[in-house]
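**Q**
Number of protein chains: 2
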Amino acid sequence: MKQLIIILLALIAMIPETQAQQQWTNTDPYYARRVTLFEMLPVGKKDIVFMGNSLTDGCEFHELLGNPHIKNRGIVGDIVQGLIERADPVIKGQPHKIFIMCGVNDISHDVSGDSIARAMERLVVMIKKGSPRTKVYVQSMLPFNNKVREWKLLKDREHVVVEGNAALEQMARRQGVTFINLYPLFVDEEGLLKKEFTNDGLHLMGPAYAVWRDAVAPYVK
Amino acid sequence: MKQLIIILLALIAMIPETQAQQQWTNTDPYYARRVTLFEMLPVGKKDIVFMGNSLTDGCEFHELLGNPHIKNRGIVGDIVQGLIERADPVIKGQPHKIFIMCGVNDISHDVSGDSIARAMERLVVMIKKGSPRTKVYVQSMLPFNNKVREWKLLKDREHVVVEGNAALEQMARRQGVTFINLYPLFVDEEGLLKKEFTNDGLHLMGPAYAVWRDAVAPYVK
Chain A
1459 MKQLIIILLA LIAMIPETQA QQQWTNTDPY YARRVTLFEM LPVGKKDIVF MGNSLTDGCE
1519 FHELLGNPHI KNRGIVGDIV QGLIERADPV IKGQPHKIFI MCGVNDISHD VSGDSIARAM
1579 ERLVVMIKKG SPRTKVYVQS MLPFNNKVRE WKLLKDREHV VVEGNAALEQ MARRQGVTFI
1639 NLYPLFVDEE GLLKKEFTND GLHLMGPAYA VWRDAVAPYV K
Chain B
1459 MKQLIIILLA LIAMIPETQA QQQWTNTDPY YARRVTLFEM LPVGKKDIVF MGNSLTDGCE
1519 FHELLGNPHI KNRGIVGDIV QGLIERADPV IKGQPHKIFI MCGVNDISHD VSGDSIARAM
1579 ERLVVMIKKG SPRTKVYVQS MLPFNNKVRE WKLLKDREHV VVEGNAALEQ MARRQGVTFI
1639 NLYPLFVDEE GLLKKEFTND GLHLMGPAYA VWRDAVAPYV K
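Just so you know, the sequences run in chain order A and B. Last residue of the first sequence? That's 1679 in our numbering, and every number before it is there in order. Last residue of the second sequence? That's 1679 in our numbering, and every number before it is there in order.
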């Protein structure tokens, strides 16, 4: 009987602490390909890494900011847990700076703003532990616009972006890293992504990336 | 009657010469966004531009080749006519070198190898006219592998890649530009894209990009 209890306790100990911390698998073949590419590309001490989802993936930041040390580590569809799981090749490189933007795909998976900030905090702590000299910049989530095109999984969830950004800002303060609030630069009077910045209500046109560039340029330098 | 004939002739003269030369519109919102970004990003005389489709889009060539002058102008889904229509911002920059890879999407639109090479020739002529000092490198198309995943529009069209590459090589010789034959590096004994290079039969994993890098590195330098 004692032995059975010990075995049961051992099995319970092997269950991951929370679901959010479980291994997360993105089944998109594009995702897997980008991961294999990123595992191959070295990151160095002078580098400035942009981690994120499709919004980061969609831009040539090293060109936009005129800085050859900038490396794009965005992947379409990514969530914060995805960033955590593929952070190792970035952290090992001990880069000069890391800029992070993530969360809107988490929202489409029905994750709350607080949960997004908690996941982001795990990532920030992981970076601070693994690469203490790296300067971390947590960028706010951007608004979306379901009037341009309906994203069903984001329906009526505009408020989660606002709540998530507030929680991200608090988290950044707690962790002593910089929070960059891009949201006000992209939002219209109705709380939606400015129409002229998007052609699908979620992703950014060229001129919108210029706004992003101008906002982060002082931190990149 | 004479007037009617004149009007008819005038109308006929307004019809584009061939269908391939007609304005081509890609309706993918991603495509439109990339175009607006590329129109905004400057190209300069020291730059080395990689033009192409998803195979180019999927890689960070400036990192892979360790050259900050490399600029990626790949867009998922593009065909040669698409490259022609968005070539202006590249040509205006009078870049040092242009590497081009395109054609597999044309094949999925049922275009022949000869037609692909003719379209590519129009692009090469356009570059030579608009930027005579630019060195042009036409890269071969890569094989695909319909056993890994079936791409219905490419079914039984492996031979079109081979024919297209032969036509591209002839065209490059005729135009006095360099042809880089990547095909043999990516093909297996059955004429298919090597299984270990892909996870969907068409697009490339990280290690496959290393093969591409090694093949073009002598020309990039």
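From the three backbone atoms N, C-alpha and C, an ideal C-beta is built for every residue, glycine too.
Verify the CB distance criterion: does A/L1662 have a CB-CB separation below 8 Å to chain B?
**A** With 8 Å as the cut-off, A/L1662 counts as an interface residue toward chain B.
**Q** How about A/Y1595 and A/N1623: are their beta carbons less than 8 Å apart?
**A** Cβ distance not < 8 Å, so A/Y1595 and A/N1623 don't count as in contact.
**Q** Return yes when at least one heavy atom of the ligand GTP lies under 7 Å from the C-beta of B/K1586, else no.
**A** Inclusion of the ligand GTP in the displayed structure is not the case, the ligand content being empty and no account of it being possible.
**Q** Which chain A residues sit within Cβ distance under 8 Å of B/E1497?
**A** Result: G1664.
**Q** With distances taken from CA atoms, which of B/F1508, B/E1521, B/I1533 is nearest B/D1486?
**A** That would be B/I1533, whose Cα lies nearest to the Cα of B/D1486.
**Q** Which of helix, strand or coil does DSSP assign to A/T1494?
**A** Three-state result, A/T1494: helix.
**Q** Looking only at C-alpha atoms, which of B/H1520, B/D1546, B/V1507, B/F1496 sits nearest to B/P1553?
**A** The candidate whose alpha carbon is nearest that of B/P1553 is B/V1507.
**Q** May I have the straight-line CA-CA distance separating B/Q1597 from A/N1639, to the nearest angstrom?
**A** Distance between the alpha carbons of B/Q1597 and A/N1639: 43 Å.
**Q** Within the continuous alpha helix (DSSP H) that includes B/T1636, where are the two ends?
**A** Counting along the chain, B/T1636 falls outside any alpha helix (DSSP H), though it belongs to the beta strand (DSSP E) covering 1636-1638.
**Q** Since B/V1594 is in the beta strand (DSSP E), which residue starts that stretch and which ends it?
**A** Run containing B/V1594: 1593-1597, per the beta strand (DSSP E) assignment.
**Q** With H, G and I counted as helix, E and B as strand and the rest as coil, what does DSSP make of B/K1652?
**A** Reduced to three states, the DSSP call for B/K1652 is coil.
**Q** Would you decide whether A/L1611 is buried or exposed? Buried here means 16 or more other CB atoms lie within 10 Å of its CB.
**A** Looking at its Cβ environment, which holds fewer than 16 other Cβ atoms inside 10 Å, A/L1611 is exposed.
**Q** Would you call A/L1462 buried or exposed, if buried means 16 or more other Cβ atoms sit within 10 Å of its Cβ?
**A** When all chains shown are included, A/L1462 counts as exposed.
**Q** Any Cβ of chain A within less than 8 Å of the Cβ of B/A1673?
**A** No, its Cβ sits nowhere closer than 8 Å to a Cβ of chain A.
**Q** Assess, as a yes-or-no matter, whether the stretch 1492-1506 of chain A is touched by the stretch 1646-1662 of chain A under the definition of 3 or more beta carbon pairs within less than 8 Å.
**A** Contact between the stretch 1646-1662 of chain A and the stretch 1492-1506 of chain A is absent, because fewer than three Cβ pairs lie under 8 Å.
**Q** Please return the same chain residues whose Cβ sits closer than 7 Å to the Cβ of A/Y1488, not counting the five positions on each side in sequence.
**A** For A/Y1488, where only same-chain residues beyond five positions count, the Cβ hits under 7 Å are V1534.
**Q** Looking only at its chain, what residues have a beta carbon closer than 8 Å to the beta carbon of A/R1632, apart from the 5 residues adjacent to it on each side?
**A** Excluding residues within five positions, the ones whose Cβ falls inside 8 Å are E1579.
**Q** In whole angstroms, what is the alpha-carbon distance linking B/L1678 and A/I1549?
**A** First, the residue type needs correcting, since residue 1678 of chain B is Val and not Leu in the sequence shown. C-alpha separation (whole angstroms): 30 Å.
**Q** Whether or not the stretch 1510-1522 of chain B and the stretch 1650-1663 of chain B are in contact is what I'm after, with contact meaning three or more pairs of Cβ atoms, one per stretch, closer than 8 Å; do they touch?
**A** Yes, they touch.
**Q** Using a Cβ-Cβ cut-off of 8 Å, state whether B/T1483 counts as contacting chain A.
**A** Not one chain A Cβ lies under 8 Å of B/T1483.
**Q** When we look at the beta-carbon of B/G1551 and count the other beta-carbons within 10 Å, is it buried (16 or more) or exposed?
**A** Buried, since its Cβ has 16 or more Cβ neighbours within 10 Å.
**Q** According to DSSP, what are the bridge partners of A/M1629?
**A** Paired residues: none, contrary to the question.
**Q** Say whether chain A places a C-beta atom closer than 8 Å to the C-beta of B/T1514.
**A** So no, B/T1514 is outside the interface.
**Q** Taking the alpha helix (DSSP H) that A/R1576 falls in, what are its first and last residues?
**A** Counting along the chain, the alpha helix (DSSP H) containing A/R1576 begins and ends at 1571-1588.
**Q** When you compare only the Cα positions, how much space is there between A/M1509 and B/A1673?
**A** Their backbone Cα atoms lie some 29 Å apart in a straight line.
**Q** Would B/K1610 count as contacting chain A if we go by Cβ distances under 8 Å?
**A** Cβ-Cβ to chain A under 8 Å: no for B/K1610.
**Q** Under 7 Å, CB to CB, which of the residues in the stretch 1519-1545 of chain A have a partner in chain B?
**A** For the stretch 1519-1545 of chain A, which is checked against every Cβ of chain B, the residues closer than 7 Å are H1520, E1521, L1522, P1526, K1529, N1530.
**Q** Taking C-beta pairs closer than 7 Å, name the residues in chain B that A/P1547 reaches, listed in chain order.
**A** By Cβ distance, chain B contributes nothing, its closest Cβ being about 11 Å from A/P1547, past 7 Å.
**Q** Straight-line CA distance for A/D1614 to A/C1517?
**A** When rounded, the distance between both Cα atoms is 27 Å.
**Q** Tell me which residue opens and which closes the beta strand (DSSP E) that A/K1555 is part of.
**A** Taken as a continuous stretch (DSSP letters only), the beta strand (DSSP E) holding A/K1555 covers 1555-1559.
**Q** According to DSSP, is B/N1700 part of a helix, a strand, or is it coil?
**A** For residue 1700 of chain B there is no data in the structure shown, the boundaries of chain B being 1459 and 1679.
**Q** Quick one: what's B/G1510 bridged to in DSSP?
**A** Bridge partners of B/G1510: B/G1532, B/M1559.
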